[in-house]
Every structure is written in C-alpha cells, then in structure tokens.
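K.L.:
Take a look at this one; I'll ask things after.
Protein chains: 2
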Amino acid sequence: MVHNKAKEVTFYHAGCPVCISAENSVLSLIDPAVKVTIVHLGKEKEKIADARKAGIKSVPALLLGQEVLHINFGASLDDIK
Amino acid sequence: MVHNKAKEVTFYHAGCPVCISAENSVLSLIDPAVKVTIVHLGKEKEKIADARKAGIKSVPALLLGQEVLHINFGASLDDIK
Numbered sequence: 000m001v002h003n004k005a006k007e008v009t010f011y012h013a014g015c016p017v018c019i020s021a022e023n024s025v026l027s028l029i030d031p032a033v034k035v036t037i038v039h040l041g042k043e044k045e046k047i048a049d050a051r052k053a054g055i056k057s058v059p060a061l062l063l064g065q066e067v068l069h070i071n072f073g074a075s076l077d078d079i080k
Numbered sequence: 000m001v002h003n004k005a006k007e008v009t010f011y012h013a014g015c016p017v018c019i020s021a022e023n024s025v026l027s028l029i030d031p032a033v034k035v036t037i038v039h040l041g042k043e044k045e046k047i048a049d050a051r052k053a054g055i056k057s058v059p060a061l062l063l064g065q066e067v068l069h070i071n072f073g074a075s076l077d078d079i080k
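Going down the list, the protein sequences come from chains V and B.
Taken in order, the first sequence gives residues 0 to 80; the numbers are from numbering that gives the first Met the number 0.
Taken in order, the second sequence gives residues 0 to 80; the numbers are from numbering that gives the first Met the number 0.
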C-alpha cells in the first residue's frame, strides 16, 4: 500500500554543473509514476518570480506541492537574476 | 527504455524536523524499484565516520553510489557528534 505519493514535482535548475549532476541523480531515482517538470531558470527568466514565491532560494531545487527541497547548492536565485 | 537507474540509495538523517519532513518527501518520490536504506545518525553514531568518508557534511542527505545529495539543512555532522 502506498500513501501520500507526490504526483507532480518541478525541478528547478540553471544549467550549472551542480544542477546537471543533481538533475541526473534525481531523475534516476524518481518514481516513473511521478510527473516531473524541468524548469531552466537561466533560459526561462520569466519563471524566476514564481519560483521565488514558491520558496525557492537556490538551484538545484525540487518543488513538491508547497514544499521545497534545496538539493546541494549550485547558484542563488539572486545570481540568476 | 531506462538508463542509468540508481538501484540503491542511503538516506541519512538525525531525527530533526527538517530531516523528517525531507524523508517523507523523498520517500514519496523514489521509484519503488530503488532500495532505500535509512540511517539515523543520532541513534547509529558508529556510522558517522562512514558517512563523513562518503562525503556527507550535513543531514538530511541522500547517498547514491559515490554522489551525495544534501537536501535542505537540518544539522551539521559535527553537531551530531
């Protein structure tokens, strides 16, 4: 029996080496049943404001509903802006 | 086709609120095919040295082979010791 499965997550990154390495690892682990959206904040700068509102402070980060998992540290959101 | 799937990971934590929250989220996301070992460094202090050798600097953290994903920040390994 599986409880409380997250069905949708967003992985935020900015193309940095730490981001890419984390992306590969995270994607290799995530349940195939989970829908993963990948947002490259360096290329999609219009999404930085939303990411900030969601509580993202640095990338790479994974957003699950309202919870943010900051994974290692690649770059601060301020440095992308 | 699935490439490069991690088959085994270790989740290190120390029972802190940040750890427990991250544990719930991470476990809800991980592919059921991946074997997850959970190590509570507060209770299994003999494993702190190994964790340090593997590159763990703080908990919660996920170890995949030789790669460490530090997830948010609950406590430094030094604070557990």
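All C-beta atoms in this analysis are idealised placements derived from N, C-alpha and C, irrespective of residue type, glycine included.
Please read all numbers here as calculations on a predicted model, not as lab measurements.
With 16 other CB atoms within 10 Å as the buried threshold, where does residue 22 of chain B fall?
P.N.:
Numbered from 1 along the second sequence, position 23 holds the residue referred to as residue 22 of chain B. Counting Cβ neighbours within 10 Å, residue 22 of chain B comes out buried, since at least 16 surround it.
K.L.:
Quick one: grab the DSSP three-state call for residue 66 of chain B.
P.N.:
For this step, residue 66 of chain B is matched to residue 67 along the second sequence. Of the three classes helix, strand and coil, the one that applies to residue 66 of chain B here is strand, per DSSP.
K.L.:
Tell me whether residue 60 of chain V sits in a helix, a strand or coil according to DSSP, three-state version.
P.N.:
As a working mapping, residue 60 of chain V is identified with position 61 in the first sequence. Of the three classes helix, strand and coil, the one that applies to residue 60 of chain V here is strand, per DSSP.
K.L.:
Do residue 70 of chain V and residue 61 of chain V come within 8 angstroms of each other at the CB atom, strictly closer than that value?
P.N.:
Mapped onto the first sequence, residue 61 of chain V falls at position 62. Mapped onto the first sequence, residue 70 of chain V falls at position 71. Against a cut-off of 8 angstroms, the Cβ pair of residue 70 of chain V and residue 61 of chain V comes out as a contact.
K.L.:
Taking the alpha carbon of residue 13 of chain V as the point to measure from, which residue in V/68, V/65 and V/57 has its own alpha carbon closest?
P.N.:
Taking the first residue of the first sequence as 1, we reach residue 13 of chain V at position 14. Minimum Cα distance to residue 13 of chain V is reached at V/57.
K.L.:
Can you give me, in chain order, the residues of the region 38-58 of chain B that have a beta carbon less than 7 angstroms from any beta carbon in chain V?
P.N.:
Taking 7 angstroms as the Cβ-Cβ cut-off against chain V, none of the residues of the region 38-58 of chain B qualify.
K.L.:
At the level of alpha carbons, what is the spacing between residue 36 of chain B and residue 41 of chain V?
P.N.:
Within the second sequence, residue 36 of chain B is the residue found at index 37, counting from 1. Within the first sequence, residue 41 of chain V is the residue found at index 42, counting from 1. So the two alpha carbons sit approximately 35 angstroms from each other.
K.L.:
So, at 6 angstroms on beta carbons, what are the nonlocal neighbours of residue 74 of chain V in its own chain, with the 5 sequence-adjacent residues on each side left out?
P.N.:
By 1-based counting over the first sequence, the position of residue 74 of chain V is 75. Closer than 6 angstroms at Cβ, skipping near neighbours: 13, 15 and 58.
K.L.:
Taking the Cβ atom as the reference point for each residue, do residue 33 of chain B and residue 66 of chain B lie within a distance shorter than 8 angstroms?
P.N.:
On the second sequence, position 34 is the one that residue 33 of chain B refers to. On the second sequence, position 67 is the one that residue 66 of chain B refers to. No, Cβ-Cβ distance for residue 33 of chain B and residue 66 of chain B is not below 8 angstroms.
K.L.:
Can you give me, in chain order, the residues of the region 62-73 of chain V that have a beta carbon less than 7 angstroms from any beta carbon in chain B?
P.N.:
Correct list: 63, 66, 68, 69, 70 and 71.
K.L.:
Residue range of the beta strand (DSSP E) that residue 34 of chain V falls in?
P.N.:
By one-based count along the first sequence, residue 34 of chain V stands at place 35. Residue 34 of chain V -> beta strand (DSSP E) spans 34-39.
K.L.:
Hey, could you find the ends of the beta strand (DSSP E) residue 7 of chain B is sitting in?
P.N.:
For the purposes of this step, residue 7 of chain B is taken as the residue at position 8 of the second sequence. Looking at the DSSP string, the run of the beta strand (DSSP E) that includes residue 7 of chain B is 7-12.
K.L.:
Between residue 31 of chain V and residue 49 of chain B, which are expected to be in contact by the criterion C-beta below 8 angstroms, what is the C-beta distance as a whole number of angstroms?
P.N.:
Working through the first sequence from its first residue, we reach residue 31 of chain V at position 32. Working through the second sequence from its first residue, we reach residue 49 of chain B at position 50. Not confirmed; about 31 angstroms, so no contact.
K.L.:
With burial defined as no fewer than 16 other Cβ atoms inside 10 Å of the residue's Cβ, what is the status of residue 9 of chain B: buried or exposed?
P.N.:
Locating residue 9 of chain B in the second sequence gives position 10, where the first residue counts as 1. Residue 9 of chain B should be labelled buried.
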